[in-house]
Amino acid sequence: KSFEDTVEDVKKIYGCHVELLTDNDGNFLGMFLQDLRMKEEFRAFPEMVCADATYKLVDMRIPLYVLLIEDGNGQSEIAALGLLVNEQRDTLHWFFNKFKECN
Numbered sequence: 738k739s740f741e742d743t744v745e746d747v748k749k750i751y752g753c754h755v756e757l758l759t760d761n762d763g764n765f766l767g768m769f770l771q772d773l774r775m776k777e778e779f780r781a782f783p784e785m786v787c788a789d790a791t792y793k794l795v796d797m798r799i800p801l802y803v804l805l806i807e808d809g810n811g812q813s814e815i816a817a818l819g820l821l822v823n824e825q826r827d828t829l830h831w832f833f834n835k836f837k838e839c840n
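If you read the sequence shown in this note's numbering, its first letter stands for residue 738, the second for the next number, and so on.
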């Protein structure tokens, strides 16, 4: 199964909003992912968003970024996910702006 097919499956099966970042040659640089529950959690508790990255979690060996909010019970809830091939300013800027645009 191709990467594009997998992205389409995630959109259809899980109802996720997915945005991809590529360079001028079409090489993958990043993916923003948010499902309806993540969006609703952020809408309910927008006061503070924390960002964390976990490295080498997936086979691609790129960081998985997790945007977290704190709910009314003090529990962390996921507000969005991102796979970014690097941590350059432009790539991070794209990811955080996608979060702003989608919320």
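Note that beta-carbon positions come from the ideal geometry of N, C-alpha and C, so glycine has one too.
May I ask you to report which of helix, strand or coil DSSP gives C787?
Your numbering for residue 787 matches position 50 in the sequence shown. Strand at C787.
Taking the C-alpha atoms as reference points, what is the distance between D808 and E784?
Taking the sequence shown and counting its residues from 1, one reaches residue 808 at position 71. Taking the sequence shown and counting its residues from 1, one reaches residue 784 at position 47. Their Cα atoms are separated by approximately 10 Å.
Along the chain, where does the alpha helix (DSSP H) containing I815 start, and where does it finish?
Your numbering for residue 815 matches position 78 in the sequence shown. I815: not part of any alpha helix (DSSP H); member of the beta strand (DSSP E) spanning 813-821, first to last residue.
Measuring straight from C-alpha to C-alpha, what distance separates I799 and T791?
In the sequence shown, the residue the question calls residue 799 occupies position 62. In the sequence shown, the residue the question calls residue 791 occupies position 54. Rounded to whole angstroms, the separation of the alpha carbons of T791 and I799 is 9 Å.
Buried or exposed: M797, going by 16 or more other Cβ atoms within 10 Å of its Cβ?
Reading the sequence shown from its first residue, position 60 is the one you call residue 797. Burial is judged here by how many other beta carbons sit within 10 angstroms of a residue's own beta carbon; M797 has fewer than 16 and is exposed.
Among L821, N840, N834, K837, nearest to D760 - alpha-carbon criterion:
Taking the first residue of the sequence shown as position 1, residue 760 is located at position 23. Nearest of L821, N840, N834, K837 to D760, Cα basis: L821.
Helix, strand or coil, according to DSSP, for F740 in the structure here?
Numbered from its first residue, the sequence shown carries residue 740 at position 3. In the displayed model, F740 falls within a helix according to three-state DSSP.
Here's the rule: buried if 16 or more other CB atoms are within 10 angstroms of the residue's CB, otherwise exposed. What is K837?
On the sequence shown, residue 837 is found 100 positions in, with the first residue counted as 1. Exposed is the call here.
Got a sec? Which residues, its chain only, sit under 8 Å from F740 by beta carbon, not counting five neighbours each side?
Indexing the sequence shown from 1 puts residue 740 at position 3. Here the set comprises F765.
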